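K.L.:
Protein sequence lines correspond, in order, to chains A and B. Position 262 of the first sequence, counted from 1, bears residue number 264 in the numbering used here, the numbering being contiguous throughout. Position 77 of the second sequence, counted from 1, bears residue number 166 in the numbering used here, the numbering being contiguous throughout.
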Amino acid sequence: MSVAKDPYIELRDVVFSRGERRIFDGLSLQIPKGKVTAIMGPSGTGKTTLLRLIGGQLKPEAGTVMVAGESVPDLGRKALYRLREKMGMLFQSGALFTDLSVFENVAFPIRVHTRLPDDMIRDIVLMKLEAVGLRGARDLMPAQLSGGMTRRAALARSIALDPELIMYDEPFAGQDPIAMGVVVKLIRDLNASMGLTSVLVSHDVPESLSICHYACIVSGGRIIGDGTPEELQNHPSDEVQQFLKGRPDGPVPFHFPSVDAAADWGIAGPGQYGDGQ
Amino acid sequence: MINRIVVFGRHGREMIESVGRAGQFLFGALAGVPDPRVGFPLLVRQIYSVGVLSLAIIVVSGLFIGMVLGLQGYTILSDYGSEAAIGQMIALTLVRELGPVVTALLFAGRAGSALTAEIGLMKATEQLSSMEMMGVDPLRRVIAPRFWAGFLSVPVLAAIFSVVGIWGGMLVGVEWLGVFEGSYWGNMQSSVSFTTDVLNGVVKSVVFGFVCTWIAVYQGYDCVPTSAGISSATTKTVVFSSLAVLGLDFVLTAVMFGDF
Ligand SMILES: Nc1ncnc2c1ncn2[C@@H]1O[C@H](COP(=O)(O)OP(=O)(O)OP(=O)(O)O)[C@@H](O)[C@H]1O
Ligand SMILES: [Mg+2]
Numbered sequence: 003m004s005v006a007k008d009p010y011i012e013l014r015d016v017v018f019s020r021g022e023r024r025i026f027d028g029l030s031l032q033i034p035k036g037k038v039t040a041i042m043g044p045s046g047t048g049k050t051t052l053l054r055l056i057g058g059q060l061k062p063e064a065g066t067v068m069v070a071g072e073s074v075p076d077l078g079r080k081a082l083y084r085l086r087e088k089m090g091m092l093f094q095s096g097a098l099f100t101d102l103s104v105f106e107n108v109a110f111p112i113r114v115h116t117r118l119p120d121d122m123i124r125d126i127v128l129m130k131l132e133a134v135g136l137r138g139a140r141d142l143m144p145a146q147l148s149g150g151m152t153r154r155a156a157l158a159r160s161i162a163l164d165p166e167l168i169m170y171d172e173p174f175a176g177q178d179p180i181a182m183g184v185v186v187k188l189i190r191d192l193n194a195s196m197g198l199t200s201v202l203v204s205h206d207v208p209e210s211l212s213i214c215h216y217a218c219i220v221s222g223g224r225i226i227g228d229g230t231p232e233e234l235q236n237h238p239s240d241e242v243q244q245f246l247k248g249r250p251d252g253p254v255p256f257h258f259p260s261v262d263a264a265a266d267w268g269i270a271g272p273g274q275y276g277d278g279q
Numbered sequence: 090m091i092n093r094i095v096v097f098g099r100h101g102r103e104m105i106e107s108v109g110r111a112g113q114f115l116f117g118a119l120a121g122v123p124d125p126r127v128g129f130p131l132l133v134r135q136i137y138s139v140g141v142l143s144l145a146i147i148v149v150s151g152l153f154i155g156m157v158l159g160l161q162g163y164t165i166l167s168d169y170g171s172e173a174a175i176g177q178m179i180a181l182t183l184v185r186e187l188g189p190v191v192t193a194l195l196f197a198g199r200a201g202s203a204l205t206a207e208i209g210l211m212k213a214t215e216q217l218s219s220m221e222m223m224g225v226d227p228l229r230r231v232i233a234p235r236f237w238a239g240f241l242s243v244p245v246l247a248a249i250f251s252v253v254g255i256w257g258g259m260l261v262g263v264e265w266l267g268v269f270e271g272s273y274w275g276n277m278q279s280s281v282s283f284t285t286d287v288l289n290g291v292v293k294s295v296v297f298g299f300v301c302t303w304i305a306v307y308q309g310y311d312c313v314p315t316s317a318g319i320s321s322a323t324t325k326t327v328v329f330s331s332l333a334v335l336g337l338d339f340v341l342t343a344v345m346f347g348d349f
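Written out as structure tokens, the structure reads:
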């Protein structure tokens, strides 16, 4: 565990389950202030869940989640909402408000949390939309956007209030190479110019490693490797190398835990619950 | 036998639990003083979509029910030669019973189901979650205005229903079947009392508005966020609301008009 001097987010020994399935089993993680931290890992290991724990939408069964010096699971309703005003989160699905236009979606957090006059809100919104290349799409409704555009509009909304912490859940998914370049540059610029603490969840290894200061790989409920991009590239662990290189065979399971394949296909076999490997 | 008691007990406990959760939910939505600068436009918009857009079905149903009451009342009352009492019969039936009850049933079908589906879809598409993460409480922002809008709309809709129904009864009774107009209105005026009839009817519609809207917003907020979950929540809204309205109507009627 690379120990950051000034962690903005700190998770210690977090345990979390969904029904019978244990998603995290003693996960510890530190996210340094003012840096871009990438969280990578196979699909379904709980990256989105991790962001929800940080945002206080889920509570861990055990362990601590500290954000900006406050223990998130212990915060009362008011304090939690106040803390969230400092956070921006890009949802994996975009989660735009379907009854508001793109412009109003981006204006929403500004209108709720500030009392700025309308012309100023207009300037800010157009600036944010320009940054994601959607200034011309301001009057469209979310249903009229493509998948990639939806995500960029949601990105503009999550940075509308210039938060201290921003969490991106899969910002690159569905972007063409040009838009991808724009988003990569936007994330880096936001971090550089405003000193945002950024958490980036992504499967795109080269893009993530190119912009992050630190990266960690989550698999099987714990961190299997972390460090700077160079440290990760030279990481001794097989699991880490398998994930970075994208090899299907190795210690990291590709399949969701299931019964033995032979049993499912009706071929004589042990028919016991496998461990997913 | 023991098993059956266990199952019964578990169902009972689950039901009480869910009522408790629904109560907590409602308290969370309504506690605290909203900022009128923000809340008022939201409320107006919801009153429009929940109340104003329900006007058509309420007016049309009210008219037909009034006309049917006119016809039925006339055939029955004229057997006793007392068709002049038709005005009073129609008014009492509508104001005491049919106005509040039918309005609430129509409201549950027209507006309640729409509320549930809308909120459920907002949940399924993570709009509620993203609102939470923006530091906006969806209970206050989404649920509260919808609840108040329904709560305020139902009594008004019920009043409109009764008025239109009385007018429809007059169309049939007076204009078509030839009951003397003076006795239609005169009998009504002398026999309908403001406190026992009109006010009790208003109390009923206030209760029904509260219950129907509560069920609708809770089912939407609590639904399983999938298409099947939303459709079953919408069904539950209509079924539970209808049962609650009819059951409560009996209880309220017994308390208000039963002479024990
Ligand atoms: N609402 C839920 N109820 C039950 N299980 C859930 C729920 N949401 C997620 N899970 C389970 O939790 C695990 C982690 O889910 P999560 O969405 O955090 O994965 P992820 O790492 O973000 O995956 P991806 O990269 O595909 O987005 C999954 O295995 C999923 O089956
Ligand atoms: Mg995810």
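Even glycine gets a Cβ: it sits at the ideal position worked out from N, Cα and C. Here the structure is a predicted model, which means the values were calculated and not measured.
State the Cα-Cα distance for the pair glutamine 243 of chain A and glutamine 235 of chain A, rounded to the nearest angstrom.
P.N.:
7 Å
K.L.:
Please check the pair valine 67 of chain A and leucine 55 of chain A, which I expect to be a contact at CB under 8 Å, by giving their CB distance rounded to whole angstroms.
P.N.:
6 Å
K.L.:
Given this structure, state the Cα-to-Cα distance separating glutamine 279 of chain A from leucine 204 of chain B, to the nearest angstrom.
P.N.:
Model confidence at glutamine 279 of chain A stands at a pLDDT of 41, short of 50, so the residue's coordinates are unreliable; what they give is reported in the following sentence. Using only the alpha carbons, I get a separation of about 46 Å.
K.L.:
On the DSSP bridge assignment, give the partners of methionine 277 of chain B in chain order.
P.N.:
According to DSSP, which records beta bridges pairwise, methionine 277 of chain B is partnered with nothing at all.
K.L.:
Cβ closer than 8 Å: which chain B residues qualify as neighbours of glutamine 59 of chain A?
P.N.:
Against glutamine 59 of chain A, the close residues of chain B are Ser218, Glu221, Met222, in the order they occur along the chain (beta-carbon pairs closer than 8 Å).
K.L.:
Return the residue from the list B:Leu160, B:Phe116, B:His100, B:Gly209 that minimises the CA-CA distance to leucine 266 of chain B.
P.N.:
B:Leu160
K.L.:
Quick one: is the Cβ of serine 45 of chain A within less than 6 Å of any heavy atom of ligand 1?
P.N.:
Relative to ligand 1, the beta carbon of serine 45 of chain A is positioned inside 6 Å of a heavy atom.
K.L.:
Helix, strand or coil: which one does DSSP assign to aspartate 141 of chain A?
P.N.:
In the structure shown, aspartate 141 of chain A sits in coil (DSSP, three-state: anything other than H, G, I, E or B).
K.L.:
Contact criterion: CB-CB distance below 7 Å. Does glycine 276 of chain A meet it with respect to chain B?
P.N.:
With a pLDDT of 46 at glycine 276 of chain A, under the threshold of 50, the modelled position of this residue cannot be trusted; read the value that follows with caution. Not one chain B Cβ lies under 7 Å of glycine 276 of chain A.
K.L.:
Considering only their Cβ atoms, is the gap separating arginine 86 of chain A from glycine 224 of chain B smaller than 7 Å?
P.N.:
yes
K.L.:
Tell me which residues share the same chain as alanine 213 of chain B and place their Cβ nearer than 7 Å to its Cβ, disregarding the 5 neighbours each side in the sequence.
P.N.:
Pro314, Thr315, Ile319
K.L.:
How long is the line joining the alpha carbons of arginine 113 of chain A and methionine 122 of chain A, rounded to whole angstroms?
P.N.:
Going from the Cα of arginine 113 of chain A to the Cα of methionine 122 of chain A covers about 11 Å.
K.L.:
With isoleucine 91 of chain B as the anchor, note down where its alpha helix (DSSP H) starts and where it stops.
P.N.:
Unbroken alpha helix (DSSP H) run through isoleucine 91 of chain B: 91 to 119.
K.L.:
Glutamine 59 of chain A: beta carbon under 6 Å from a heavy atom of ligand 2?
P.N.:
no
K.L.:
Please report whether the beta-carbon of methionine 91 of chain A lies at a distance below 7 Å from any beta-carbon of chain B.
P.N.:
yes
K.L.:
Ordered along the chain, which non-local residues of its own chain (more than five positions away) have a Cβ less than 8 Å from that of leucine 131 of chain A?
P.N.:
Val104, Phe105, Val108, Arg137, Ala139, Arg140, Ala155, Ala158
K.L.:
Expressed to the nearest angstrom, what Euclidean distance is found between the alpha-carbon atoms of valine 127 of chain A and isoleucine 213 of chain A?
P.N.:
25 Å
K.L.:
Helix, strand or coil for aspartate 15 of chain A, going by three-state DSSP, please let me know.
P.N.:
In the three-state reduction of the DSSP assignment, aspartate 15 of chain A falls in the strand class.
K.L.:
Are there 16 or more other CB atoms within 10 angstroms of the CB of asparagine 92 of chain B, so buried, or fewer, so exposed?
P.N.:
exposed
K.L.:
From the DSSP output, which residues share a beta bridge with serine 221 of chain A?
P.N.:
A:Arg224
K.L.:
Is any non-hydrogen atom of ligand 2 found closer than 6 Å to the C-beta of glutamine 94 of chain A, if you look at the structure I gave you?
P.N.:
Flag set: Cβ of glutamine 94 of chain A near ligand 2.
K.L.:
Mind pulling the chain A residues with CB within less than 8 Å of threonine 214 of chain B?
P.N.:
Within chain A, the residues placing a beta-carbon under 8 Å from that of threonine 214 of chain B are Ser95, Ala97, Thr100, ordered along the chain.
K.L.:
Could you check if threonine 50 of chain A belongs to the surroundings of ligand 2, using beta carbon to heavy atom distance under 6 Å?
P.N.:
yes
K.L.:
Per the contact definition of three or more C-beta pairs closer than 8 Å, is the stretch 158 to 175 of chain B in contact with the stretch 293 to 310 of chain B?
P.N.:
Output reads no: the stretch 158 to 175 of chain B does not touch the stretch 293 to 310 of chain B.
K.L.:
Tell me the residue span of the beta strand (DSSP E) that contains glycine 26 of chain A.
P.N.:
Before going on, a small fix: residue 26 of chain A reads as phenylalanine here, not glycine. It spans 23 to 34 - the beta strand (DSSP E) in which phenylalanine 26 of chain A sits, taken as one unbroken run.
K.L.:
Is any heavy atom in ligand 1 found nearer than 6 Å to the beta carbon of isoleucine 25 of chain A?
P.N.:
yes
K.L.:
Count the other CB atoms within 10 Å of the CB of serine 4 of chain A; is the residue buried (16 or more) or exposed (fewer)?
P.N.:
Annotation note: pLDDT 47 at serine 4 of chain A (below 50); position unreliable, coordinate value reported separately. Exposed: under 16 other Cβ atoms inside 10 Å.
K.L.:
If we count the other Cβ atoms within 10 Å of its Cβ and call it buried at 16 or more, is alanine 133 of chain A buried or exposed?
P.N.:
buried
K.L.:
Counting only beta-carbon atoms, is valine 133 of chain B nearer than 7 Å to chain A?
P.N.:
no
K.L.:
How would you call tyrosine 137 of chain B, buried or exposed, if buried means at least 16 neighbouring beta carbons within 10 angstroms?
P.N.:
Label assigned to tyrosine 137 of chain B: exposed.
K.L.:
Out of A:Ile41, A:Asp164, A:Ala81, state which residue places its alpha-carbon closest to the alpha-carbon of glycine 71 of chain A.
P.N.:
A:Ala81
K.L.:
Check whether the Cβ of arginine 20 of chain A lies closer than 6 Å to any heavy atom of ligand 1, and answer yes or no.
P.N.:
Under cutoff, so the answer is yes.
K.L.:
Give a yes or no on whether 7 Å exceeds the smallest Cβ distance from valine 225 of chain B to chain A.
P.N.:
yes
K.L.:
Using DSSP with H/G/I as helix, E/B as strand and the rest coil, what is isoleucine 161 of chain A?
P.N.:
coil
K.L.:
Using a Cβ-Cβ cut-off of 7 Å, state whether valine 104 of chain A counts as contacting chain B.
P.N.:
no
K.L.:
Measuring alpha carbon to alpha carbon, tell me which residue in B:Lys325, B:Glu106, B:Ala180 is nearest alanine 247 of chain B.
P.N.:
Closest option to alanine 247 of chain B, Cα to Cα, is B:Ala180.
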